[in-house]
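In this text, residue positions in the sequence shown follow this note's numbering: the first is 653, and each later residue adds one. Idealized CB from N, CA, C, for every residue including glycine.
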Amino acid sequence: MLRDSDLTLDKAITLGRAEEKAKQQLAETRETKIEAVKTAKRKDQRTKHKEYVCKRCGTRHEPKKCPAWGKVCKKCQKNNHFASQCKTKAIHDIAQPKQETSDSDEKFDIGSVTQENKDGSEVYYMANVEGIDVNFKIDTGAQVNILPYHLMKGMKHKLHQTKAKLKTYTGTAITVKGKTDLAVNGQKHGFFIVEDKHLTPILGYRSAKKLENIKIISVTIKEYSTVFGGLGCLKEPYKIQIDKEVKPVICPPRKIPVALQQKLKDKLTDMEYKGVIKKVQVPTEWVNGLVIVEKQDSKDIRLCLEPRNLNKAIKREHHPLPTIEEITTRLTGAKVFSKLDANSGYWQIPLDEDSQLLTTFNTP
653 MLRDSDLTLD
663 KAITLGRAEE
673 KAKQQLAETR
683 ETKIEAVKTA
693 KRKDQRTKHK
703 EYVCKRCGTR
713 HEPKKCPAWG
723 KVCKKCQKNN
733 HFASQCKTKA
743 IHDIAQPKQE
753 TSDSDEKFDI
763 GSVTQENKDG
773 SEVYYMANVE
783 GIDVNFKIDT
793 GAQVNILPYH
803 LMKGMKHKLH
813 QTKAKLKTYT
823 GTAITVKGKT
833 DLAVNGQKHG
843 FFIVEDKHLT
853 PILGYRSAKK
863 LENIKIISVT
873 IKEYSTVFGG
883 LGCLKEPYKI
893 QIDKEVKPVI
903 CPPRKIPVAL
913 QQKLKDKLTD
923 MEYKGVIKKV
933 QVPTEWVNGL
943 VIVEKQDSKD
953 IRLCLEPRNL
963 NKAIKREHHP
973 LPTIEEITTR
983 LTGAKVFSKL
993 DANSGYWQIP
1003 LDEDSQLLTT
1013 FNTP
């Protein structure tokens, strides 16, 4: 305005208002551009989140909104992922020979249904069901409990209709009249009521396990007492092959926490009594470190050796291990399976005299 020689008051006011208006419009323009840039950036970020493929459910979703969270996998029974995304190795099915079955839609399997105990091999249990004594057969292969209808008549319990169908191990269908809950020794258990009065009342695996006073294994242990005595050691002792060029190592004794000292003493006494270990009265070239492991499911401890140094001197024996495909092929047609678990594994493998000296360890 100072450059204008003909400047008047009205003209100065007009120019001033124009200047203010221009600055205001410029400021609004800048704010709009900034907001547009920020908005575009947020859209880009949301787009990136949508492109993320979740490893738990296999779909695209925003963070912390996985539909698999809290769900149980139908494949491995673990939480927070679907079976389609499960990392557990596939279970190989064992081929079974084709058998003729009825046209009914079987839902539950009964391990065996018998009318009488012919050879004494079955296990029976007398239980009180709603005030009536019933002699049940304990069937760990049965998924459900069975009670003939004529035994239930005096119990005054209402039957509920069910579409479930039962079959025996041989594939024979069992006619189901209904289902109900009955008190067995004061505990509620579900029962399928069947029409055939000649069928033996059956207590399935779940109910047999829940009733703690049922000791199924004790019958087998008593019958085969000679098999279950002692450690069950193998007949031939094992010899550890050593590379003589590797220098022997003598580990110093380790400090034992005060809380574990008495447990260690009791464990050593027990192992010596059972013949697992014995005291060494002569010098040895190898002395291993002792490692104490506390068991989580009990107050017991496990004694291990620190094998790092000794393993460097042991000569490896190479043997091809069978694959799961080879094993399942050999099991084709099998119907009965059992899991064997060695009690205190490796105690059953005795060592020869020279190998025993290699496993010497220090005790406080």
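task = Give, in chain order, every unbroken run of the alpha helix (DSSP H) that is at least 4 residues long and sits entirely within the stretch 921-996.
result = Taking only runs of at least 4 residues, the alpha helix (DSSP H) segments lying wholly in the stretch 921-996 are 960-965 and 976-982.
**Item:** Lys693 (DSSP reduced to helix, strand or coil)
**Value:** The sequence position of residue 693 within the sequence shown is 41, counting from 1. Here Lys693 scores only 48 on pLDDT, less than 50, and its place in the model should not be relied on; the value that follows carries that caveat. Lys693 carries a helical assignment under DSSP once its states are collapsed to helix, strand and coil.
Query raised in the report: Quick one: what does DSSP say Tyr777 is sitting in, helix, strand or coil?
Result: Position 125 of the sequence shown, counted from the first residue, corresponds to residue 777. In the structure shown, Tyr777 sits in a strand (DSSP, three-state: E or B).
Where does His733 sit, in a helix, a strand or coil, going by DSSP?
Position 81 of the sequence shown, counting from 1, holds the residue named residue 733. In this structure, His733 counts as coil in the three-state DSSP scheme.
field: Test item: CB-CB of Pro719 and Leu799 under 7 Å
entry: Your numbering for residue 719 matches position 67 in the sequence shown. Your numbering for residue 799 matches position 147 in the sequence shown. Not closer than 7 Å, so no.
Since His812 sits in a beta bridge, which residues does DSSP pair it with? Within the sequence shown, numbered from 1, the residue matching residue 812 stands at position 160. Answer is Lys831.
| Within 10 angstroms of its Cβ, does Asp833 collect 16 or more other Cβ (buried), or is it exposed? | The count along the sequence shown starts at 1 and reaches residue 833 at position 181. Result: exposed.
Quick one: Cα of Asp848 to Cα of Ala825, how far?
-> Residue mapping note: residue 848 aligns to position 196 of the sequence shown, counting from 1. Residue mapping note: residue 825 aligns to position 173 of the sequence shown, counting from 1. Those two C-alpha atoms are separated by around 11 Å.
| message | Could you tell me the alpha carbon to alpha carbon distance between Pro905 and Ala965, rounded to whole angstroms? | response | By one-based count along the sequence shown, residue 905 stands at place 253. By one-based count along the sequence shown, residue 965 stands at place 313. Annotation: Pro905 to Ala965 spans about 21 Å, alpha carbon to alpha carbon.
Review point. Which residues share a DSSP beta bridge with Val846?
Key: Translated into the one-based positions of the sequence shown, residue 846 becomes position 194. By DSSP's assignment, Val846 forms a beta bridge with Pro800 and Val828.
Could you please give the first and the last residue of the uninterrupted beta strand (DSSP E) stretch that includes Leu818? What you label residue 818 is simply residue 166 of the sequence shown in a count that begins at 1. It spans Leu818 to Thr820 - the beta strand (DSSP E) in which Leu818 sits, taken as one unbroken run.
Rounded separation between Phe1013 and Cys903 - CA only: For the purposes of this step, residue 1013 is taken as residue 361 along the sequence shown, with counting starting at 1. For the purposes of this step, residue 903 is taken as residue 251 along the sequence shown, with counting starting at 1. Spanning the two alpha carbons is a distance of roughly 8 Å.
ask   = Exposed or buried, which one is Gly884 when buried takes at least 16 other CB atoms within 10 Å?
value = Numbered from 1 along the sequence shown, position 232 holds the residue referred to as residue 884. Its Cβ having fewer than 16 others within 10 Å, Gly884 is exposed.
Review point. For Val724, which residues does DSSP report across the bridge?
Key: Counting from one through the sequence shown, the residue named residue 724 turns up at place 72. Val724 pairs with Asn731.
Exercise for the section: Please report how far the alpha carbon of Arg840 lies from the alpha carbon of Ile1001, in whole angstroms. Expected result: For the purposes of this step, residue 840 is taken as residue 188 along the sequence shown, with counting starting at 1. For the purposes of this step, residue 1001 is taken as residue 349 along the sequence shown, with counting starting at 1. According to the sequence provided, residue 840 is Lys. The question's Arg does not apply to it. Distance from the CA atom of Lys840 to the CA atom of Ile1001, rounded to whole angstroms, is 46 Å.
Nearest to Ala628 by CA position, among Lys739, His713, Lys730 and Met778, is which residue? An answer regarding residue 628 cannot be provided, because it is not within the stretch 653 to 1016 covered by the chain.
Can you tell which of Thr820, Arg708 and Val939 has its C-alpha closest to the C-alpha of Leu957?
-> Translated into the one-based positions of the sequence shown, residue 957 becomes position 305. Nearest neighbour of Leu957 by Cα position, chosen from Thr820, Arg708 and Val939, turns out to be Val939.
Please work out which residues of its chain come closer than 6 Å, Cβ to Cβ, to His809, disregarding the five sequence neighbours upstream and downstream, and give them in chain order.
Taking the first residue of the sequence shown as 1, we reach residue 809 at position 157. Cβ within range, chain order: Thr832.
**Prompt:** What first and last residue would you give for the alpha helix (DSSP H) that runs through Asp1006?
**Reply:** For this step, residue 1006 is matched to residue 354 along the sequence shown. DSSP places Asp1006 in the uninterrupted alpha helix (DSSP H) bounded by Glu1005 to Leu1010.
Indicate whether the contact test is met: 3 or more Cβ pairs, each with one atom in the stretch 704-715 and one in the stretch 723-738, closer than 8 Å.
-> As far as the Cβ criterion goes, the stretch 704-715 touches the stretch 723-738, which means the pair count is three or higher.
Beta-carbon gap between Val836 and Val871 smaller than 7 Å: Walking along the sequence shown from the start, residue 836 turns up at place 184. Walking along the sequence shown from the start, residue 871 turns up at place 219. The criterion of a C-beta distance shorter than 7 Å is not satisfied by Val836 and Val871.
Given that a residue counts as buried once 16 or more other Cβ atoms are within 10 Å of its Cβ, and exposed if not, what is Ala674?
Position 22 of the sequence shown, counted from the first residue, corresponds to residue 674. Exposed: under 16 other Cβ atoms inside 10 Å.
### Task
Under 8 Å Cβ to Cβ from His802, same chain only, skipping five residues before and after it: list those, please.
Looking up residue 802 in the sequence shown gives position 150. The answer, listed in chain order, is Lys849.
Considering only DSSP beta bridges, list what Gln839 is partnered with.
Here residue 839 is taken as the residue at index 187 of the sequence shown, counted from 1. The partner list for Gln839 (beta bridge, DSSP) reads Val836.
Decide yes or no for the touch test of the stretch 969-985 against the stretch 936-956: beta carbon pairs closer than 8 Å, at least 3 of them.
No: fewer than three Cβ pairs fall under 8 Å.
message = Does Ile665 come out as helix, strand or coil in the three-state DSSP assignment?
response = For this step, residue 665 is matched to residue 13 along the sequence shown. Per DSSP, reduced to three states, the secondary structure at Ile665 is helical.
Is it right to say Asp952 is buried, meaning 16 or more other beta carbons lie within 10 angstroms of its own, or is it exposed? One-based indexing of the sequence shown puts residue 952 at position 300. The residue is exposed, with fewer than 16 neighbouring Cβ atoms inside 10 Å.
Cutting at 7 Å between CB atoms, please list the residues of its own chain near Arg954, excluding the five before and the five after it. Taking the sequence shown and counting its residues from 1, the one referred to as residue 954 is at position 302. Val945 and Lys947, listed in sequence order.
*Sub-7 Å separation of Asp895 and Lys789 beta-carbons*: Reading the sequence shown from its first residue, position 243 is the one you call residue 895. Reading the sequence shown from its first residue, position 137 is the one you call residue 789. In this structure, Lys789 does not lie closer than 7 Å to Asp895 by Cβ.
Tell me the DSSP secondary structure of Asp791 in three-state form. Numbered from its first residue, the sequence shown carries residue 791 at position 139. Here Asp791 sits in coil by DSSP.
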